[in-house]
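Here's the structure we're looking at; comments come further down.
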Amino acid sequence: MSADEALLQALLTELAAAPDGMSLPRLCKRLGVRMSVLLRTLAYLGEERIGDAQGPGWVRTVEDGERTLAQLTDSGRAVAMSLLQPDDGAPA
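All residue numbers for the sequence shown refer to my numbering, where the first residue is -6 and numbers rise by one.
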């Protein structure tokens, strides 16, 4: 698993554990990344188009007063739950 894949999985796992969302500074601290890295990752996983590629729409950011929260969308929650389910060892 590459560092990027590990970050994506860790981000989805953290957000799955926070159904109401998590503040961006807290996510940075929990993931051990700088805000710029987190923002790029959220943009990559969001709904917006980046260049010619449409994002998967797994996360969104919402304003909660003075805080910005990251939340999983329904499709992001499904992906996160599939990552959290134990592998039963069955052949694919």
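Backbone N, C-alpha and C fix where the C-beta goes; we use that ideal spot for every residue, glycine too. As the structure is a prediction and not an experimental result, all values here were calculated from the model.
Under 9 Å between C-beta atoms of residue i and residue j
i     : j     : result
ALA73 : LEU31 : no
ARG53 : GLY39 : yes
Whole-Å CB distance - residue i paired with residue j, under 8 Å assumed
i     : j     : result
MET15 : ALA71 : Not confirmed; about 18 Å, so no contact.
LEU4  : LEU24 : 6 Å
GLN2  : LEU65 : The Cβ separation is near 13 Å, so there is no contact.
Neighbour-count burial assignment, residue i, 16 or more Cβ in a 10 Å radius
i     : result
GLY69 : buried
Residues that residue i bridges to, as DSSP identifies them
i     : result
THR66 : Answer is none; THR66 lacks a bridge partner.
SER16 : LEU62
ASP57 : ARG60
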